[in-house]
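Peer 1:
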């Protein structure tokens with residue numbers, strides 16, 4: 003059975019969102035003095051611009067082969083200038099692309115501050131070696147050596163991280179029901 007992650011219905015209710023979403027939103031709101039709006043929708047993978055330079059092979063394999071966080075929407079910032087930057091979910095997006103899918107569910111954030119657009123463009127150019135990379139261009143790399151002790155430790159760490167996230171979701175769900 004696949005569970006479906008849903009963003010909060012109210013525009014400012016972030017307390018039930020994924021931890022990565024909350025942390026990033028809080029950081030950006032403080033740094034840029036903005037208030038984000040958000041909605042969930044399908045995004046076209048070919049339009050997404052990466053904000054990280056590479057994808058871990060161990061994580062890629064977990065998503066592709068075991069469905070690690072595969073049911074969760076990615077997080078995208080869509081700027082006022084029309085560009086869409088991946089904030090969280092590079093690995094999930096790349097796996098979907100490699101499997102031939104061309105759309106993916108995303109939590110799409112937006113704000114009125116064009117400084118944020120410039121910041122994302124700067125990050126994208128830095129990680130892309132001078133020009134932005136689309137998700138299909140982000141290399142999948144194995145820096146640990148598949149099957150090594152370091153690889154097994156990272157894999158176990160990702161599983162623990164996922165279990166902690168699921169436990170937080172269950173606790174939040176129980177609190178809402180009480």
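Residue numbers (the working numbering): 3 to 180. For glycine and all other residues, C-beta sits at the position ideal for the given N, C-alpha and C. Computed from a prediction, not measured in an experiment: that's the story for all the values here.
Do residue 37 and residue 113 have their C-beta atoms within less than 8 Å of each other?
Peer 2: Yes, the pair counts as a contact, with Cβ atoms nearer than the cut-off.
Peer 1: If distances are taken between C-alpha atoms only, which option among 28, 95 and 146 comes closest to residue 136?
Peer 2: Looking from the CA of residue 136, the closest CA among 28, 95 and 146 belongs to 95.
Peer 1: Apart from the five residues on each side of it in sequence, which residues of its chain come closer than 6 Å, Cβ to Cβ, to residue 115?
Peer 2: Once the five neighbours on either side are set aside, the close Cβ partners of residue 115 are 34 and 36.
Peer 1: Compare the C-alpha of residue 85 against each of 161, 124 and 66 and name the closest.
Peer 2: 124
Peer 1: Kindly provide the ranges of any alpha helix (DSSP H) runs that are 4 or more residues long and lie completely inside the segment 112-161, ordered along the chain.
Peer 2: 116-129
Peer 1: Would a C-beta distance cut-off of 8 Å place residue 55 and residue 129 closer than the cut-off?
Peer 2: yes
Peer 1: So what's residue 58 in DSSP terms, helix, strand or just coil?
Peer 2: strand
Peer 1: Taking the beta carbon of residue 155 as the centre, do at least 16 other beta carbons fall within 10 Å, making it buried, or is it exposed?
Peer 2: exposed
Peer 1: Answer yes or no: do residue 66 and residue 45 have a C-beta to C-beta separation smaller than 8 Å?
Peer 2: no
Peer 1: Note down, in chain order, each residue of its chain lying with its Cβ closer than 7 Å to the Cβ of residue 12, except the 5 sequence neighbours on either side.
Peer 2: Note that residue 12 scores a pLDDT of 41, beneath 50, so its modelled location is shaky; the value from the coordinates is reported in the next line. Around residue 12: no qualifying Cβ.
Peer 1: On a CA-only basis, which of 76, 172 and 118 is nearest residue 105? Give me that one, please.
Peer 2: 76
Peer 1: DSSP beta-bridge partners for residue 87?
Peer 2: In the DSSP output, where bridge partners are listed per residue, residue 87 has 51 and 79.
Peer 1: I'd like to confirm the pairing. Which residues does DSSP put opposite residue 25 in its beta bridges?
Peer 2: Answer is none; residue 25 lacks a bridge partner.
Peer 1: Under 8 Å by Cβ, that's how I've got residue 51 and residue 109 pegged, so tell me the actual separation to the nearest angstrom.
Peer 2: So it is not a contact: roughly 16 Å between Cβ atoms.
Peer 1: Quick check: residue 119 and residue 81, are their CB atoms within less than 8 Å of each other?
Peer 2: yes
Peer 1: Please tell me whether, using a cut-off of 7 Å, the distance from the CB of residue 80 to the nearest non-hydrogen atom of the ligand PLP is below it.
Peer 2: The ligand PLP is absent from the structure shown, which contains no ligands of any kind.
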